[in-house]
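Here this note's numbering is used: the first residue of the sequence shown is 369, the next is one more, and so on. Glycine included, each C-beta is placed from N, C-alpha and C at the ideal position. All of these numbers come straight from a predicted model, not from anything done at the bench. Some notes on the structure that comes next.
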Amino acid sequence: MNRKAKALEFVDAEYNIKITGRQVEITDSMKDYAMEKISKIERFMNRIIDINVVMDIQKIDHRVEIILKAGHTKITSQASTQDMYASIDKAVAKLEAQIRRYKSKIQDHHAKSLAIIDMNVNVLRRPTAEEELELEIEEEEGELNGEETVHEIVKQEKRPLKTLTYDEAVMKMELSQDAFLIFKSEEDQKLKVIYRRQDGHYGIIEPNC
369 MNRKAKALEF
379 VDAEYNIKIT
389 GRQVEITDSM
399 KDYAMEKISK
409 IERFMNRIID
419 INVVMDIQKI
429 DHRVEIILKA
439 GHTKITSQAS
449 TQDMYASIDK
459 AVAKLEAQIR
469 RYKSKIQDHH
479 AKSLAIIDMN
489 VNVLRRPTAE
499 EELELEIEEE
509 EGELNGEETV
519 HEIVKQEKRP
529 LKTLTYDEAV
539 MKMELSQDAF
549 LIFKSEEDQK
559 LKVIYRRQDG
569 HYGIIEPNC
């Protein structure tokens, strides 16, 4: 019997759960069982955005894939047995193990004594919409005479410049909403900038000093 993929979506108080069946019809029993098992993940992971569960049958293989998104972190687990309920159990167990490993890395990162120095940061005032419009008009009319606009410094502050490994820098980006992070590489002791790309990946810039 050929069944098209069907998706069931449930909105939790804090996050969304989507259960999709490929070549299998998701019964109420399967849905309830998956929801019960997945709900236990809340004890291990905070800031869950959504969880996608895909159930698939290929011949005798009953496959389950779980994709969890929390903050900027995505964790995926897969399992395959000859019974869908057993596959759900196995996939959830794998997901819990991965979350524990991830949280262990975070704890090790926070417990590690990092070499920190302070760097000066200037906060520039953002031009108002009227000022930006005036600048565009002046540029079009050639009235700037090659002069660059000097932005007003409204605040000066110190920020810690930490010595991090590449993995630690990526982890800090995943745990924050920042667009970039300046750090000193533990590998070669050079200044690096890690930034968030539009495709969701990370890029690293190494200034030529």
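In whole angstroms, what is the alpha-carbon distance linking residue 534 and residue 462? On the sequence shown, residue 534 is found 166 positions in, with the first residue counted as 1. On the sequence shown, residue 462 is found 94 positions in, with the first residue counted as 1. If I take the Cα positions, the gap works out to 26 Å.
Tell me the rounded alpha-carbon separation between residue 562 and residue 448. Translated into positions along the sequence shown, residue 562 becomes position 194. Translated into positions along the sequence shown, residue 448 becomes position 80. Looking at the two C-alpha atoms, the distance is approximately 37 Å.
Can you find the residues in the same chain that come closer than 7 Å, C-beta to C-beta, to residue 453, ignoring five residues on each side of it along the sequence? Position 85 of the sequence shown, counted from the start, is the residue given in the question as residue 453. Closer than 7 Å at Cβ, skipping near neighbours: 401.
Starting from residue 534, trace the alpha helix (DSSP H) in both directions and tell me its first and last residue. Here the question's residue 534 lines up with position 166 in the sequence shown. In the DSSP assignment, residue 534 falls within the alpha helix (DSSP H) that extends over 534–542.
Do you know offhand how far residue 389's Cα is from residue 422's? For the purposes of this step, residue 389 is taken as residue 21 along the sequence shown, with counting starting at 1. For the purposes of this step, residue 422 is taken as residue 54 along the sequence shown, with counting starting at 1. Residue 389 and residue 422: Cα-Cα distance of roughly 6 Å.
Do residue 532 and residue 554 count as a contact pair if the criterion is CB distance below 8 Å? Walking along the sequence shown from the start, residue 554 turns up at place 186. Walking along the sequence shown from the start, residue 532 turns up at place 164. Yes, these two residues count as a Cβ contact at 8 Å.
Uninterrupted beta strand (DSSP E) stretches inside the stretch 379–441 (no shorter than 3 residues): 384–390, 416–426 and 429–438
Name the residue from 396, 542, 560 and 426 whose alpha carbon lies nearest to the alpha carbon of residue 569. The residue given as residue 569 occupies position 201 in the sequence shown. Closest option to residue 569, Cα to Cα, is 542.
Here's the rule I'm using: 16 or more other beta-carbon atoms within 10 Å means buried, otherwise exposed. How should residue 442 be labelled? In the sequence shown, counting from the first residue as 1, residue 442 sits at position 74. By the neighbour-count rule (16 or more Cβ atoms within 10 Å), residue 442 is not buried but exposed.
Exposed or buried, residue 415, counting other C-beta atoms within 10 Å across all chains shown (16 or more means buried)? For this step, residue 415 is matched to residue 47 along the sequence shown. Exposed, by the Cβ-count rule.
When you compare only the Cα positions, how much space is there between residue 572 and residue 439? Here residue 572 refers to the residue found at position 204 when the sequence shown is read from its first residue. Here residue 439 refers to the residue found at position 71 when the sequence shown is read from its first residue. When rounded, the distance between both Cα atoms is 21 Å.
Under 6 Å Cβ to Cβ from residue 435, same chain only, skipping five residues before and after it: list those, please. Stepping through the sequence shown from its first residue, residue 435 is reached at position 67. Closer than 6 Å at Cβ, skipping near neighbours: 420 and 444.
Local Cβ density within 10 Å of residue 548, reported as buried at 16 or more and exposed below that: Residue numbering aside, residue 548 sits at position 180 when the sequence shown is read from its first letter. Exposed.
Using DSSP bridges, identify the partner residues of residue 444. Within the sequence shown, numbered from 1, the residue matching residue 444 stands at position 76. DSSP output for residue 444 lists 435 as bridge partner(s).
CA-to-CA distance, residue 450 to residue 431, given in whole angstroms: Taking the sequence shown and counting its residues from 1, one reaches residue 431 at position 63. Taking the sequence shown and counting its residues from 1, one reaches residue 450 at position 82. One C-alpha to the other measures close to 8 Å.
To the nearest whole angstrom, what separates the beta carbons of residue 459 and residue 433, a pair I think is in contact under 8 Å? In the sequence shown, residue 459 corresponds to position 91, counting from 1. In the sequence shown, residue 433 corresponds to position 65, counting from 1. Indeed, because the Cβ distance is near 7 Å, the residues count as touching under 8 Å.
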